[in-house]
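Shown next, in structure tokens, is the structure this report addresses.
Protein chains: 2
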Amino acid sequence: MNIIKYPKKEDWNEILKRPNLGDDMVNQVVPEVLNDVKTNGDEAVRRYTSKFDHVTLNDYRVTEQEITEAESLVDAELKRCIQIAKQNIEKFHSAQKTSRKVVETTPGVFCWQKSVPIEKVGLYIPGGSAPLFSTVLMLGIPAKLAACNQIILCTPPNKEGKVHPAILYTAKLVGLNQIYKVGGIQSIAAMAFGTETVPKVAKIFGPGNLYVTAAKQIVAMHGVAIDMPAGPSEVAIMADNTCVPSFIAADLLSQAEHGADSQVILFTCDEKILPAINKELDLQLEALPRKEIAIKALENSKAIVLRSIDEMLEISNAYAPEHLIIALDNAIEIAELVINAGSVFIGNYSPESAGDYASGTNHALPTAGYARGYSGVNLDSFMKKISFQQLSKYGLFNIGPVIEKMAEAEQLMGHKNAATIRMNAIINES
Amino acid sequence: MNIIKYPKKEDWNEILKRPNLGDDMVNQVVPEVLNDVKTNGDEAVRRYTSKFDHVTLNDYRVTEQEITEAESLVDAELKRCIQIAKQNIEKFHSAQKTSRKVVETTPGVFCWQKSVPIEKVGLYIPGGSAPLFSTVLMLGIPAKLAACNQIILCTPPNKEGKVHPAILYTAKLVGLNQIYKVGGIQSIAAMAFGTETVPKVAKIFGPGNLYVTAAKQIVAMHGVAIDMPAGPSEVAIMADNTCVPSFIAADLLSQAEHGADSQVILFTCDEKILPAINKELDLQLEALPRKEIAIKALENSKAIVLRSIDEMLEISNAYAPEHLIIALDNAIEIAELVINAGSVFIGNYSPESAGDYASGTNHALPTAGYARGYSGVNLDSFMKKISFQQLSKYGLFNIGPVIEKMAEAEQLMGHKNAATIRMNAIINES
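If you're matching them up, the sequences are chains D and L in order. 67 is the number that this note's numbering gives to position 67 of the first sequence; each next residue is one higher, with no gaps. 1355 is the number that this note's numbering gives to position 355 of the second sequence; each next residue is one higher, with no gaps.
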């Protein structure tokens, strides 16, 4: 890790810059694939699956038989663990349900908001080296709790045209049964525009690489909602001399192993802890199968020494990390002052991997500073709020003159008349 | 209005199509202006203000003096009405506050979600023919209730370099004091990227024309959140023979007067009501100052006759209108079955203009079918939810093995180790 001591505030922006993810290929390839799938549907999906995933699939919907087969391939212990994680995630997300509150804003004027499930949602589960069945839990469980009517799942096939059994097992456990073996840009296009096989959805969720993220952002300009733009994973840790250096090193590495573009940052006001953490990093790195990836990620990473806990808090809020671990003596107190972060882990016994898998919180979180304006995925992400109002005659009389005056001042006489005509009718009745 | 009787379901999509809003100029002009402001800051803002708003402003921040002057120009009756509307909007949005619920998902594992205000938000209030001071209420009030730290407001100047007094009065009443006389694409760029004068914000709110909407969608790809893509206003009405034709006509016209591209749709299963509504439309049109605009909008508009209330509900949900007025005998019952709409107005005495101004609900709502996946602006729009977790040693022991097993199955051994190393330390302690 690069150690930066007592940086001046005017240099923070530069120091906190995320690795640049620009890639000219993205701007070329993504719109091309999106348009092709929009125009040519399944035929284009199959063509890109051949090209990018190196397998040709005529029917790319996962069959009942494939799911049954997958169930038999997942070991019992892993199944039990996934079930426990599911219970915790369900508990946490169920608590996010809100009840309707009818507000009588003026006598006779009743207004309320109602959470209504988004009818059709699409979940994207990336492929790649590891089978991210935990993401199936994180997206599938709140979608089911929200009671979305149609939940589809897209995930790329491997070269044999198969999906990892743990993904299929988890999908079935959660209650998802519309699963398509399609990945990358072509899957985002299929969910956004619909094909003969894949239904068009109203909102697309899920992490992905540069291409998938760019595809999500572009379809968001054409009628579909997206959960958030997702970038490489990142963690920031605030630590003082009450931290356990081996824990800190383990947390830094657990983020660094995600990818060479992952970013890990350590904030401390106690530079004496750094040698022990560095020593632990070296030691633990040796045992890590994804050592090469982690080493690359650590090259982008920084230990920043600051003057006070207040300054640590300020710089962390400026950075807006996806994950923030607070390993400080007064961690709970400081947690209350966090303004920008995706998910916060308090104290020495709350590793980030708890939230990744099993504590119950969601791991689909805003990266790249998006935590300044975005929430992570939660129950609300699968609902939209509709407002309702009902005015009695008395209610209309109470606010009618206000409507009339304001509409007139905005030069919208039709708006005014919609109140006037009703008030006149009520007067004529009586 | 074009009358369409008993359309086949397979034709619904075609019938419900929104007017095409394509404009090649948008794709050219918007990226150019955004980049220019990003690079050249205030200088570019001033240049585009000269070009598009036909006025040259050196300092485009609204002064205290301008606000004081504006206050004296708004008549007392309008002030009183704006204050009443403010009270109702505050009441309705205050009721949306949620409290923190700590969930112990597993013994010793404590998780919670906390709503935290978005630190810096930007509100856009369009200029044009009418001063939309009501939108200042709709965006400013929830921003203040959410306790956003910095709330800036951009609105275009007129040719004299002034902002309409009602806008400035309302901004002051709501408690906004950072107001900039800048509109259009250049204002979105200024808020997204920051200039010497305008601070960069994390989320941008507010309606606008095609250019403003495109600008919002593009900056949303570069680190800023936006409330929603906003298109031309629209209303759908479900009516049966218990409706009052003059009220229906007034509501249709109140939407049609917004702009030639506004869309108004009437669903009914009782075609006998149509002649009376048409007669009322002609009558009321005559008295409307914005008659020419309304006539154009009505050309795009449709009265669709359906076989049953169920079918009306189904087609309305497929259309996903911004505003939905339910003028049916069993309006309350039917309202419960609405899946896709921005805001719903129940019964004969709830005109859409009530929600536009004074009932308390928000009028910044998803158009163009976006109600399928988006909420209208509400208190939550100005907050993001951060998740927190704290595990005791006991809690970590309870879920540690689950974390280990799942991380291993995802081939993320660093994630596993962050749990293992802590569990080992606890064992060694005891």
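Yeah, the Cβ is synthetic: ideal placement off N, Cα and C, and Gly gets one too. In this text, all values refer to a predicted model and were calculated from it rather than measured experimentally.
Just verifying my parser: in three-state terms, what is the DSSP assignment at residue i?
i: Val136/D; result: helix
i: Glu336/D; result: coil
i: Tyr6/D; result: coil
i: Met1/D; result: coil
i: Ala1354/L; result: helix
i: Gln1411/L; result: coil
i: Tyr169/D; result: helix
i: Lys1302/L; result: strand
i: Lys1200/L; result: coil
i: Thr49/D; result: helix
i: Thr1420/L; result: helix
i: Glu1257/L; result: coil
i: Glu1160/L; result: coil
i: Ala189/D; result: helix
i: Tyr1211/L; result: helix
i: Val1174/L; result: helix
i: Val1344/L; result: strand
i: Thr39/D; result: helix
i: Leu391/D; result: strand
i: Met1406/L; result: helix
i: Lys216/D; result: helix
i: Val1264/L; result: strand
i: Val1029/L; result: helix
i: Tyr1180/L; result: strand
i: Ala1368/L; result: coil
i: Ala1425/L; result: helix
Which residues in the same chain as residue i place their Cβ atom closer than 7 Å to its Cβ, once the five residues preceding and following it in sequence are excluded?
i: Phe1052/L; result: Gly1184
i: Pro1107/L; result: Tyr1394, Gly1395, Asn1398
i: Leu1313/L; result: Ile1334, Leu1337
i: Ser359/D; result: Asn88
Assuming residue i contacts residue j (C-beta within less than 8 Å), just tell me the rounded distance between them.
i: Pro1126/L; j: Gly1208/L; result: 5 Å
i: Asn1241/L; j: Lys1272/L; result: 7 Å
i: Ser1072/L; j: Leu1145/L; result: Incorrect: roughly 28 Å between the Cβ atoms, too far for contact.
i: Val30/D; j: Tyr211/D; result: 6 Å
i: Val264/D; j: Ala297/D; result: 7 Å
Residues in its own chain within less than 6 Å of residue i by CB, not counting five upstream and five downstream?
i: Ile1403/L; result: Ala1419
i: Phe423/D; result: For the record, residue 423/D in the displayed sequence is Met; it is not Phe. Taken in chain order, the residues that qualify are Gly400.
i: Pro1131/L; result: His1164, Ala1166, Ile1167
i: Ile326/D; result: Met238, Ile334, Ala335, Ile346
i: Ile1426/L; result: Lys1393
i: Ala1321/L; result: Checking the sequence shown, residue 1321/L turns out to be Pro, not Ala. So the qualifying residues of the chain are Glu1234, Ala1236, Ala1341.
i: Cys154/D; result: Tyr124, Tyr180, Val182, Ser187
i: Asn1002/L; result: Lys1302
i: Ile1386/L; result: Lys1114, Val1116
i: Ala1407/L; result: His1415, Lys1416
Within its chain, find whatever has a CB closer than 8 Å to the CB of residue i; leave out the 5 residues flanking it on each side and keep chain order.
i: Val1121/L; result: Ala1143, Cys1148, Gln1150, Ile1151, Ile1152, Val1201, Ala1202, Lys1203, Ile1204, Phe1205, Phe1382
i: Val103/D; result: Phe110, Cys111, Trp112
i: Ala354/D; result: Phe345
i: Arg1080/L; result: none
i: Arg1046/L; result: Thr1056, Leu1057, Asn1058, Tyr1060
i: Val174/D; result: Lys86, Val136, Leu137, Gly140, Ile141, Lys144
Quick one, which of the options has its alpha-carbon nearest residue i's?
i: Gly1140/L; options: Gly1342/L, Asn1040/L, Tyr1060/L, Ala1364/L; result: Ala1364/L
i: Glu43/D; options: Glu90/D, Asp75/D, Gln186/D, Val109/D; result: Gln186/D
i: Val1116/L; options: Ala409/D, Gly360/D, Leu337/D; result: Leu337/D
i: Arg1457/L; options: Lys1008/L, Lys1097/L, Ile1293/L; result: This structure cannot settle anything about residue 1457/L, because the visible part of chain L is limited to 1001 through 1430.
i: Val244/D; options: Trp112/D, Gly342/D, Pro275/D; result: Pro275/D
i: Gln1389/L; options: Gln1113/L, Lys1162/L, Asn1378/L, Leu1210/L; result: Gln1113/L
i: Gln1065/L; options: Val1198/L, Gln1087/L, Tyr1169/L; result: Tyr1169/L
i: Cys1269/L; options: Ala1260/L, Asn1278/L, Ile1304/L, Arg1290/L; result: Ile1304/L
i: Ala368/D; options: Leu379/D, Asp356/D, Tyr319/D; result: Tyr319/D
i: Pro497/D; options: Ser262/D, Thr98/D, Lys5/D; result: One cannot answer for residue 497/D here, as it falls past the ends of chain D, which runs 1 to 430.
i: Trp12/D; options: Ile315/D, Lys405/D, Arg372/D, Val224/D; result: Ile315/D
i: Ala1192/L; options: Lys1279/L, Asp1310/L, Gly1223/L; result: Gly1223/L
i: Phe267/D; options: Met228/D, Glu311/D, Ile226/D; result: Glu311/D
Taking only beta-carbon atoms, is residue i less than 8 Å away from chain B?
i: Phe1052/L; result: The question asks about chain B, but that chain is absent: this structure's protein chains are D and L.
- Message: To test your reading of the DSSP string, which unbroken alpha helix (DSSP H) runs of 4 or more residues are found completely within the region 1096-1158 of chain L?
- Response: Qualifying alpha helix (DSSP H) stretches, in chain order: 1133-1146.
- Query: Curious, which full-length alpha helix (DSSP H) runs of at least 4 residues does the region 1055-1101 of chain L contain?
  - Reply: DSSP runs (the alpha helix (DSSP H)) wholly in the region 1055-1101 of chain L: 1064-1073, 1076-1094.
- Which residue spans inside the region 1271-1327 of chain L form an unbroken beta strand (DSSP E) run of at least 3? Listed in chain order, they are 1302-1305, 1323-1327.
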